[in-house]
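Using this note's numbering, the letters of the sequence shown map in sequence onto residues 2 to 298. Positions of the beta carbon are idealized from the N, C-alpha and C atoms, including for glycine. For clarity, every value in this text was computed on a predicted model and none was experimentally measured. Here's the structure we're looking at; comments come further down.
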Amino acid sequence: MVPEVTPSATAEATARVLVEALPYIQRFRGARLVIKYGGAAMTDENLEQAVYTDLVLMEHVGMRPIVVHGGGPEISRTAERMGLRAQFVDGQRVTDEDMLMVVEMVLSGTVNREIVTGIQRAGGRSAGVTGKDDRLITARKLQGAKDMGYVGEVQSVNPSILHILQERGIIPVVSPVGPDERGQPYNINADSVASAIATAMKADKLILLTDAPGVCRDLKDASTLIDRILAGEVEALIADGTISGGMIPKVRGAAAAIRDGVGAVHILDGRVPHALLLELFTDQGIGTLISEDESQQ
């Protein structure tokens, strides 16, 4: 007679999680993902470790993640220590020559290296790149009513270096600093860089880690989360006030990325540990999915 073995509740729960994740692992094997990493997920040690673990697991099950990071709070702290005053216009940092030096030092140096090291300590392979490397990003000066200094926007993306790294099982970590055609570097919004890279890579998914639950009808009430938005609905939802505030540029950027060929865009709460795995590998998911049609997951 075979003795009856009763697994522990923890073991059963683990098995259920793995079984639930299996079809998603199969579906997304080989998928290209661009993850914009910023906000609280970069300032809390436990959240940082959760992100690094998620990225390594994603790569090990056959997905191909690329990380584009911000670093605004660290730039502000470093600038303050150096006696520089931060100025912002419409949420963007005015960047003179001194501030540009700080931006490059922090983004392409300190922050980029910390992320690469974190991924490696979690058991993955990773390499830091900037927009300057192999002409990954060609920038141009951002034009507007006010001169923002060395603030740029993406003119073009050459993703060759990213393809090479991914083919070798290496997770690229991209700093959002890129030169113009004459070699002058510019500070570029990380969301814009992530969207441009996702488009150039023909990514299956663009994932934005934010400090909000996703797109909510009431910004102060997480229970009003909208779990799916079709790209064609975005402007109407902005017009009627459903999408408001800082979510407007994110959602508009998401819709533009989908029109340019990105499979889907996920806006997730980076304050939730393992937000990436919860969205990609569970039936319920979290956050807001923006897609061309209802069939996209």
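Beta carbon of residue i, beta carbon of residue j: below 8 Å?
i: Leu34; j: Ala204; result: yes
i: Gly31; j: Ala191; result: no
i: Val69; j: Lys37; result: yes
i: Pro180; j: Pro186; result: yes
i: Ala255; j: Ile291; result: yes
i: Gly170; j: Glu98; result: no
i: Leu207; j: Val263; result: yes
i: Arg94; j: Met100; result: yes
i: Leu269; j: Ile249; result: no
i: Asn188; j: Gly153; result: yes
i: Ser109; j: Val178; result: yes
i: Leu210; j: Gly247; result: no
i: Pro74; j: Thr44; result: yes
i: Ser127; j: Thr139; result: no
i: Ile198; j: Ala232; result: no
i: Asp149; j: Val104; result: Looking at the sequence shown, residue 149 is not Asp but Met. The answer is no: Cβ separation not under 8 Å.
i: Val107; j: Ile76; result: yes
On the criterion of 16 or more Cβ atoms from any shown chain inside 10 Å, does residue i qualify as buried, or is it exposed?
i: Arg183; result: exposed
i: Val112; result: buried
i: Met83; result: exposed
i: Ile165; result: exposed
i: Asp284; result: exposed
i: Lys251; result: buried
i: Pro214; result: buried
i: Ala42; result: buried
i: Gly242; result: exposed
i: Arg65; result: buried
i: Ala12; result: exposed
i: Phe29; result: buried
i: Met2; result: Confidence at Met2 is low in this model, with a pLDDT of 49, below 50, so its placement is unreliable and the value that follows should be read with caution. So Met2 ends up on the exposed side.
i: Ser161; result: exposed
i: Gly71; result: buried
i: Ala201; result: buried
i: Leu143; result: buried
i: Gly124; result: exposed
i: Ala16; result: exposed
For residue i, list the residues DSSP reports as bridge partners.
i: Ser292; result: Leu231, Ala265
i: Lys37; result: Val69, Leu209
i: Ile189; result: Gly153
i: Asp219; result: According to DSSP, Asp219 bridges with nothing at all.
i: Leu226; result: Cys217
i: Asp270; result: Thr211
When the Cα atoms are used, what is the spatial distance from residue i to residue j?
i: Val18; j: Gly119; result: 25 Å
i: Glu234; j: Ala276; result: 25 Å
i: Leu56; j: Tyr151; result: 32 Å
i: Val130; j: Ala10; result: 44 Å
i: Thr289; j: Thr79; result: 34 Å
i: Glu293; j: Asp219; result: 24 Å
i: Asp261; j: Ala195; result: 13 Å
i: Ile67; j: Val175; result: 8 Å
i: Tyr53; j: Arg141; result: 32 Å
i: Asp228; j: Val216; result: 8 Å
i: Ala134; j: Ala14; result: First, the amino acid is wrong: residue 134 is Asp here, not Ala. Using only the alpha carbons, I get a separation of about 45 Å.
i: Phe282; j: Leu58; result: 11 Å
i: Ser224; j: Leu279; result: 18 Å
i: Leu137; j: Asn159; result: 5 Å
i: Ile26; j: Gln121; result: 22 Å
i: Thr96; j: Ser193; result: 17 Å
i: Val266; j: Asn47; result: 25 Å
i: Gly145; j: Gly92; result: 13 Å
Give a yes or no on whether the minimum CB-CB distance between residue i and chain B is below 8 Å.
i: Val103; result: Note that chain B does not occur in the displayed structure, where there is just one protein chain.
Item to check | Ranges of the alpha helix (DSSP H) found wholly within the segment 111-185, counting only runs of at least 4 | outcome: 113-122, 161-168
Checklist entry - Can you list, in chain order, the stretches of the alpha helix (DSSP H) that have 4 or more residues and sit fully within the segment 52-114? => result 73-82, 98-105
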